[in-house]
Amino acid sequence: WRLRPVVDVSECRGVLGSIPGPAVDLVLERVLEHGYAHHIERLMVLGNAQCLLRTDPDAAYEWFMELFVDAYDWVMVPNVVGMSQHADGGVMATKPYTSGGAYINKMSDYCGRCRYDVRRRTTEDACPFNALYWDFLARNRARIGDNPRLGMPYRSWDKMDDATRTELRGQAKAFLDTLD
Numbered sequence: 322w323r324l325r326p327v328v329d330v331s332e333c334r335g336v337l338g339s340i341p342g343p344a345v346d347l348v349l350e351r352v353l354e355h356g357y358a359h360h361i362e363r364l365m366v367l368g369n370a371q372c373l374l375r376t377d378p379d380a381a382y383e384w385f386m387e388l389f390v391d392a393y394d395w396v397m398v399p400n401v402v403g404m405s406q407h408a409d410g411g412v413m414a415t416k417p418y419t420s421g422g423a424y425i426n427k428m429s430d431y432c433g434r435c436r437y438d439v440r441r442r443t444t445e446d447a448c449p450f451n452a453l454y455w456d457f458l459a460r461n462r463a464r465i466g467d468n469p470r471l472g473m474p475y476r477s478w479d480k481m482d483d484a485t486r487t488e489l490r491g492q493a494k495a496f497l498d499t500l501d
């Protein structure tokens with residue numbers, strides 16, 4: 322692995338788009354150095370970002386296959402296709418491995434170094450993962466809304482007032498539009 326040419330993090334962002342903040346960059350740096358990321362980093366930072374950014378599941382799979390030392394089908398199909406991208410419709414995982422910033426904050430120390438506030442939803446300094454997550458749930462409700470494991474987030478969405486839901490969707494759209 323160490324014989325690979327040095328690659329800049331910006332060259333590997335590719336399908337990750339440009340989610341600002343330290344989580345994606347720090348994990349990418351580790352992947353480039355070691356060819357590996359542990360479960361939370363792999364699924365809930367990199368895979369989550371790709372799913373929320375509407376990355377084509379085949380492109381996400383190919384990206385993981387190129388960067389990881391354990392890039393074997395028996396590892397990547399369940400991790401990428403089944404869990405992080407939920408591209409198999411729930412055959413391998415009962416729900417998409419997506420989240421907003423709160424879960425990333427709970428499972429890591431990345432958010433403490435970030436200029437965005439993981440507790441905010443709709444302000445300019447709100448964590449981008451938050452609006453992208455709520456947008457993902459709203460867009461996919463017809464397909465995954467009946468999943469019992471997603472009952473709590475959908476109940477939270479339903480309790481939000483219309484203005485907040487509209488603002489979240491608008492913030493996600495504005496962010497996604499910057500990637501085109």
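Sequential numbering from 322 applies to the sequence shown in my numbering. Glycine included, every Cβ here is placed at the ideal spot set by N, Cα and C.
Inset, instruction - Return the Cβ separation of Val-401 and Gly-433 in integer angstroms, given the expectation that the two are a contact with Cβ distance under 8 Å. - result: With 8 Å as the limit, Val-401 and Gly-433 do not qualify as a contact, their Cβ atoms being about 28 Å apart.
Inset, instruction - Measure the alpha-carbon distance for Tyr-418 versus Tyr-382 and round it to whole angstroms. - result: 15 Å
Legend entry - Euclidean distance between Cα positions of Tyr-437 and Val-398: 32 Å
Legend entry - Run of the alpha helix (DSSP H) containing Ala-392, from where it starts to where it stops: No alpha helix (DSSP H) contains Ala-392, which DSSP labels as neither H nor E.
Legend entry - Where Ala-447 falls: helix, strand or coil (DSSP): strand
Inset, instruction - May I ask you to verify whether the stretch 449-463 touches the stretch 479-497, counting CB pairs closer than 8 Å and requiring at least 3? - result: With a cut-off of 8 Å, the stretch 479-497 and the stretch 449-463 count as touching, because enough Cβ pairs lie within range.
Inset, instruction - On a CA-only basis, which of Tyr-475, Phe-389, Ile-465, Leu-364 is nearest Thr-415? Give me that one, please. - result: Comparing alpha carbon positions, the residue from Tyr-475, Phe-389, Ile-465, Leu-364 closest to Thr-415 is Ile-465.
Inset, instruction - Grab me the residues of Trp-322's own chain with a C-beta within less than 8 Å of its C-beta, minus the 5 sequence neighbours each way, in chain order. - result: Because the pLDDT of Trp-322 is 34, which lies under 50, any placement of that residue in the model is unreliable, and the number read from its coordinates should be weighed accordingly. Answer for Trp-322: His-355, Gly-356, Val-390, listed in chain order.
Legend entry - Contacting residues, own chain, Cβ-Cβ under 7 Å from Arg-325 (five flanking each side not counted): The predicted position of Arg-325 is uncertain, since its pLDDT is 43 and thus under 50; a value taken from the coordinates is nonetheless stated next. There are no such residues.
Inset, instruction - May I have the straight-line CA-CA distance separating Arg-440 from Pro-449, to the nearest angstrom? - result: Answer to the nearest angstrom: the Cα atoms are 11 Å apart.
Inset, instruction - Quick one: give me the first and last residue of the alpha helix (DSSP H) that Asp-483 is part of. - result: 483-498
Legend entry - With 16 other Cβ atoms within 10 Å as the buried cut-off, status of Met-365: buried
Inset, instruction - In angstroms with no decimal places, state the Cα-to-Cα distance between Cys-435 and Gly-411. - result: 32 Å
Legend entry - Assigned secondary structure, Asp-467 (DSSP; H/G/I helix, E/B strand, else coil): coil
Legend entry - Secondary structure of Asp-456, DSSP reduced to three states: helix
Legend entry - Met-386 versus Phe-457: straight-line alpha-carbon distance, rounded: Rounded to the nearest angstrom, the gap between the Cα atoms of Met-386 and Phe-457 is 25 Å.
Legend entry - Nearest-angstrom Cα separation, counted from Met-428 out to Ile-361: 7 Å
Inset, instruction - Please classify Asp-409: does DSSP put it in a helix, a strand, or coil? - result: Reduced to three states, the DSSP call for Asp-409 is coil.
Inset, instruction - Would you identify the three-state DSSP class for Asp-479, choosing helix, strand or coil? - result: The answer is helix: DSSP assigns Asp-479 an H, G or I state.
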